[in-house]
Every structure is written in C-alpha cells, then in structure tokens.
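*Asks:*
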Amino acid sequence: MKFNISAGHNPDGKIACGTVNNTLNMKESTEARYQTKKVVEYLKADGNNANNCTVDNGTGQTDVLNKLKTKHNAHSVDWNVSIHFNDTDKEDLKGNEKNIGVEVWYFDNKKKPARREECRKKAELVCENLSKIGFTNRHAKPTTGLRFLKDTVDKAILIEVCFCSDADDVKLYKSNRDNIARAIADALEGKKYVKRDNKMDKVIAYVGDIDKVAATILNWKLKDYSLKDANSLKGKEINNLIVVGGGAANLLQGAKEKIVGKDRFETVKKVSEYIDKI
Ligand SMILES: [Zn+2]
Numbered sequence: 001m002k003f004n005i006s007a008g009h010n011p012d013g014k015i016a017c018g019t020v021n022n023t024l025n026m027k028e029s030t031e032a033r034y035q036t037k038k039v040v041e042y043l044k045a046d047g048n049n050a051n052n053c054t055v056d057n058g059t060g061q062t063d064v065l066n067k068l069k070t071k072h073n074a075h076s077v078d079w080n081v082s083i084h085f086n087d088t089d090k091e092d093l094k095g096n097e098k099n100i101g102v103e104v105w106y107f108d109n110k111k112k113p114a115r116r117e118e119c120r121k122k123a124e125l126v127c128e129n130l131s132k133i134g135f136t137n138r139h140a141k142p143t144t145g146l147r148f149l150k151d152t153v154d155k156a157i158l159i160e161v162c163f164c165s166d167a168d169d170v171k172l173y174k175s176n177r178d179n180i181a182r183a184i185a186d187a188l189e190g191k192k193y194v195k196r197d198n199k200m201d202k203v204i205a206y207v208g209d210i211d212k213v214a215a216t217i218l219n220w221k222l223k224d225y226s227l228k229d230a231n232s233l234k235g236k237e238i239n240n241l242i243v244v245g246g247g248a249a250n251l252l253q254g255a256k257e258k259i260v261g262k263d264r265f266e267t268v269k270k271v272s273e274y275i276d277k278i
C-alpha cells in the first residue's frame with residue numbers, strides 16, 4: 001500500500017510549533033515528528049511505500065498547511081495521515097490514574113458516503129489499536145473544520161495520539177513510544193495491534209554483505225536458526241545467539257558465541273571449523 005505521513009505543525013522553537021507542556025516536558029511537534037519517522041520506518045519494513053511529508057520550514061500556521069497540501073498531493077496514495085498531540089484547558093499535571101486518551105478525525109464528506117465510511121473505519125481502527133496500549137478510546141470523530149482533511153485529494157485521517165497536558169497520558173506515552181508507532185502502522189495496514197514479543201530464539205547475526213556470506217554458510221548447517229542483520233536485533237533478548245564477524249560482535253557485545261576472524265577469509269575459515277565441531 002501507499003502512504004503519506006506527516007507530523008503536524010512546524011518544528012519546536014519555530015513559529016506555529018503546536019502544543020508544549022513544560023511541566024510535563026511534552027512537546028507536540030517533537031513527538032509528532034518522532035512518531036511520523038517511526039511509522040514510516042515500520043510501514044517500509046513491511047514492504048509498503050511510505051513518504052514522510054512533514055513540513056519544517058513554514059512561515060506560519062497557514063503556510064505550514066499550504067506546504068502540507070502540496071507535499072501530500074504530490075503522490076497519490078491509499079492514505080494520507082497527519083499526526084498530532086492534543087491539548088486541554090483542564091490540565092492534570094499531577095496524574096489521577098485516568099488518561100484522557102486518543103481521538104482520530106476524518107472528513108465528514110456527505111457527498112461521498114462510501115469514502116466517508118472508509119475514513120471512519122480507518123480512524124476507528126487507529127483508536128482501537130491505541131486503546132490496546134491503554135489510552136482511553138475517544139473514538140473516530142467527523143469534522144468539516146480541519147484544513148488537512150479538506151486539502152488532501154486522497155483519503156485522510158488526522159490522529160490526536162493523546163494529551164500533552166495530562167500527566168497520565170504523557171506517562172503512558174513516554175513508556176510506549178515505539179509500541180504506539182507500531183500500533184498506528186498496524187492500523188494503517190488494516191491490522192489489529194498485537195504487542196510484539198521482544199524475545200527471540202536461535203539467531204545467527206551478521207552485519208554487511210561480506211559477513212552475511214559466512215553467516216549464510218553457518219545457516220546451511222544450523223537450519224533451524226534464523227539469519228538476521230545485527231542492526232535489527234538491538235534491545236532484543238535472544239536465546240542461542242551466534243554472532244558472525246566483527247561488525248555484529250561490536251553491536252551485540254553480550255553474545256556468548258562469537259565467530260570472528262581477523263578478516264573475511266579467516267571468518268569463513270572459523271565458521272567451517274565451527275561447523276566441524278557441531
Ligand atoms: Zn496539533
């Protein structure tokens with residue numbers, strides 16, 4: 001599928017940069033950019049075409065919206081997505097164990113009821129996925145008032161992830177930043193969110209095409225192991241990890257089994273010696 005994703009507003013520190021809550025150290029613009037980058041990464045990793053259409057150089061709010069319109073309409077896509085964070089006058093800076101939660105807006109297009117319904121469903125799925133992380137579901141909301149939704153030629157939704165001015169929202173957000181991006185990406189792909197398991201078993205890790213050759217040879221012998229680029233394994237708990245080559249050994253220093261030669265030839269030689277011993 002094809003997606004255009006953008007963060008709302010200008011970057012922090014510039015004019016028109018969105019909501020900031022200094023007490024809770026929460027900046028809409030910065031977090032919207034973080035989420036946008038992550039969601040694009042996840043969508044691409046799953047084989048989708050995803051463009052980051054964020055605008056960082058608007059001269060004011062109207063100019064940001066004009067530039068977003070141009071960028072979003074430059075590629076035709078299945079979905080246009082704008083990521084924001086919400087604000088309220090009823091601040092809760094201490095926390096009361098209740099977050100205010102997530103809402104997602106879609107264009108109340110009375111002339112195109114089928115398209116309106118598709119947008120409502122997509123908005124509702126984003127809400128549902130984020131509610132699985134713990135956010136109160138404020139549900140999909142129709143509007144004719146948001147320029148982003150009026151400006152985009154292809155279908156669009158505008159996500160208000162949670163509230164910058166509520167300590168419970170911010171706490172839940174900060175401890176789940178990547179899960180939230182994953183849950184949004186899942187919804188955009190039409191899937192319900194399930195938390196990914198951080199544990200893996202039986203992995204051969206390498207970095208780069210050269211060490212991949214040696215790692216692949218080892219994988220011929222250890223067929224029930226999976227072959228992974230070490231860059232994708234940061235933060236994972238792995239049982240039975242074998243690291244092949246210096247690059248992977250550097251990245252995954254905790255690994256017990258390392259097959260590292262002084263150059264590519266010696267690494268291959270050490271792999272074949274290792275295979276002989278199995
Ligand atoms: Zn906003």
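Going by UniProt numbering, the first residue of the sequence shown is number 1, and it counts up by one from there. The beta-carbon is built from N, C-alpha and C at its ideal position, and this holds for glycine as well. As the structure is a computational prediction, the values presented were derived from the model and not from experiment.
(1) Ignore the nearest five residues each way along the sequence and tell me which others in Y206's own chain have a CB closer than 6 Å to its CB.
(2) So which of K2, A32, D87, W220 has the shortest CA-CA distance to K44?
(3) Specify the secondary structure class of T19 as computed by DSSP and reduced to three states.
(4) Report yes if the C-beta of residue 334 is less than 6 Å from at least one heavy atom of ligand 1; otherwise report no.
(5) Just reading off the beta strand (DSSP E) that A45 is part of, what are its end residues?
(6) Just reading off the alpha helix (DSSP H) that D224 is part of, what are its end residues?
(7) Can you tell me the Cα-Cα spacing of K111 and E117, whole angstroms?
(8) Does chain D have any CB closer than 7 Å to the CB of F3?
(9) Could you check where the alpha helix (DSSP H) with I133 kicks off and where it finishes?
(10) In whole angstroms, what separates the C-alpha of V77 from that of A123?
(11) For the candidate residues V260, V203, E266, N96, whose alpha-carbon lies nearest to that of E237?
(12) Please list, following the chain, all residues that have a C-beta closer than 5 Å to any non-hydrogen atom of ligand 1.
(13) Looking at N52 and H75, is the spacing between their C-beta atoms short of 7 Å?
(14) DSSP state of R138, grouped into three classes?
(15) Residues in its own chain within less than 6 Å of D12 by CB, not counting five upstream and five downstream?
(16) For G101, which of L65, A7, N57, I133 has the nearest alpha-carbon?
(17) State buried or exposed for W220, treating a residue as buried only when at least 16 other CB atoms are found within 10 Å of its CB.
(18) Measuring from the CB of R33, is there a heavy atom of ligand 3 at a distance below 6 Å?
(19) Can L241 and A255 be called in contact, C-beta distance under 7 Å?
(20) Can you name, in chain order, every residue of its own chain whose Cβ lies under 6 Å from the Cβ of V104, other than the five neighbours on each side?
(21) Do D168 and K98 have their C-beta atoms within less than 7 Å of each other?
(22) By the 10 Å Cβ neighbour count, where 16 or more other Cβ atoms means buried, how is S175 classified, buried or exposed?
(23) Rounded to whole angstroms, what is the Cα-Cα separation between C164 and C17?
*Replies:* In short, the structure shows the following:
(1) K212, A215, V244, G245, A248
(2) Closest by alpha carbon: K2.
(3) coil
(4) Nothing in the structure corresponds to residue 334, since the chain is present only between 1 and 278.
(5) Run containing A45: none in the beta strand (DSSP E); it sits in the alpha helix (DSSP H), 28-45.
(6) Note, D224: premise wrong, no alpha helix (DSSP H); not H, not E.
(7) 12 Å
(8) Of the protein chains in this structure there is only one, and it is not chain D.
(9) 113-133
(10) Pairing V77 with A123, the inter-Cα distance amounts to about 16 Å.
(11) V203
(12) G8, G18, H84
(13) In this structure, N52 does not lie closer than 7 Å to H75 by Cβ.
(14) The three-state secondary structure of R138, taken from DSSP, is strand.
(15) K27, S29, T30
(16) I133
(17) Sixteen is the threshold: since fewer than 16 other Cβ atoms of the shown chains lie within 10 Å of the Cβ of W220, the residue is exposed.
(18) Among the ligands modelled here, namely ligand 1, ligand 3 does not occur.
(19) yes
(20) Apart from sequence neighbours up to five positions away, the residues of its chain that approach V104 with a beta-carbon distance below 6 Å are A123, V126, C127, A140, I157, I159, ordered along the chain.
(21) Closer than 7 Å, so yes.
(22) exposed
(23) 13 Å
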